[in-house]
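Using numbering that gives the first Met the number 0, you'd call the opening residue of the sequence shown number 0 and step up by one each time.
The block underneath contains the structure these notes are about, expressed in structure tokens.
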Amino acid sequence: MLEFLKLIVKDYGLFGLLVSSFMGSTIFLPFSVELTFPFLVKAGMPRLAIMFFAALGSLGGTLLNYSIGNKGMNYVLKYTKLDDVNRAKNLMDRYGWAGLFIVLAFPVPFPVDPLTLFCGAAKMEPKRFTTVVFTAKLLKYALTLGVISIIL
């Protein structure tokens, strides 16, 4: 999968990153777009552009998840495990918007896609959801690029 992502990004640049990030943020093809960042940095792409396009693509994929969750949990349960959905629900009940931000901004040991589905199913306010997701992704990618800059 990583080689495929590298080809997309190499052939299509920042647009390829946007598409890859979108795909990786859906429940259909979950993967970490951050794995392409070292390749992009070595290729000379501007870090701010990497951060912005990755966050924008990720926001799009996350909004797709939100929309699917918003349309009905029966559809959601076809693509996720009930345990993941319950874990996401418990997290949101306990921590609310701050919990969503933390889970999306920092590496966590479980998939976050079910969480974004639950946000839609719970009919969370879309504008605030969008703001929290985009801000969290910007922070996550900025931190990732910072670590990559230190390593490379």
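We put the CB at the ideal spot given by N, CA and C, even for glycine.
Quiz item: What did DSSP end up calling ILE67 once you bin it into helix, strand or coil?
Solution: Locating residue 67 in the sequence shown gives position 68, where the first residue counts as 1. Residue state, collapsed to three classes: helix.
Exercise. Grab me the residues of LEU144's own chain with a C-beta within less than 8 Å of its C-beta, minus the 5 sequence neighbours each way, in chain order.
Key: Taking the first residue of the sequence shown as position 1, residue 144 is located at position 145. Around LEU144: PHE36, VAL40, ARG46, ILE49 and MET50.
Quiz prompt | Outcome for ASN73 when other beta-carbon atoms lying within 10 angstroms are tallied against a minimum of 16 | solution = As a first step, residue 73 is located in the sequence shown; it is residue number 74 there, counting from the start. Under this definition ASN73 is an exposed residue.
Quiz item: Taking C-alpha atoms, which residue in GLU33, ILE26 and TYR11 lies nearest to ILE162?
Solution: Past the boundaries of the shown model lies residue 162; the chain is included only from 0 to 151, so the question cannot be answered.
Quiz item: Who are the Cβ neighbours of PHE128 in its own chain at under 7 Å, not counting the five residues just before and after it?
Solution: Position 129 of the sequence shown, counted from the start, is the residue given in the question as residue 128. For PHE128, where only same-chain residues beyond five positions count, the Cβ hits under 7 Å are TYR65 and CYS118.
Quiz item: Would you report the Cα separation of ILE67 and ALA120, rounded to the nearest angstrom?
Solution: By one-based count along the sequence shown, residue 67 stands at place 68. By one-based count along the sequence shown, residue 120 stands at place 121. Rounded to the nearest angstrom, the two C-alpha atoms are 8 Å apart.
Self-check item: Alpha carbon of ARG85 to alpha carbon of LEU16, nearest angstrom
Solution: Locating residue 85 in the sequence shown gives position 86, where the first residue counts as 1. Locating residue 16 in the sequence shown gives position 17, where the first residue counts as 1. In the sequence on display, residue 85 carries Asn and not Arg. ASN85 and LEU16: Cα-Cα distance of roughly 31 Å.
Quiz item: According to the Cβ coordinates, are LEU103 and LEU90 closer than 9 Å?
Solution: Reading the sequence shown from its first residue, position 104 is the one you call residue 103. Reading the sequence shown from its first residue, position 91 is the one you call residue 90. Cβ atoms of LEU103 and LEU90: not closer than 9 Å.
Practice problem: Using the Cα positions of VAL131 and TYR140, report the straight-line distance between them to the nearest angstrom. | Solution: Walking along the sequence shown from the start, residue 131 turns up at place 132. Walking along the sequence shown from the start, residue 140 turns up at place 141. Going from the Cα of VAL131 to the Cα of TYR140 covers about 14 Å.
Exercise. If I'm right that SER20 touches GLY60 with Cβ under 8 Å, what's the distance once you round it to whole angstroms?
Key: In the sequence shown, counting from the first residue as 1, residue 20 sits at position 21. In the sequence shown, counting from the first residue as 1, residue 60 sits at position 61. Going by Cβ atoms, the distance from SER20 to GLY60 rounds to 7 Å, so yes, they are a contact pair.
Quiz item: Is LEU6 buried or exposed, if buried means 16 or more other CB atoms sit within 10 Å of its CB?
Solution: Here residue 6 refers to the residue found at position 7 when the sequence shown is read from its first residue. With fewer than 16 other Cβ atoms within 10 Å, it is exposed.
Quiz item: What residues in its chain sit with their C-beta under 6 Å from that of LEU154, if we drop five residues either side in the sequence?
Solution: This structure gives no information on residue 154, because the portion of the chain shown stretches from 0 to 151.
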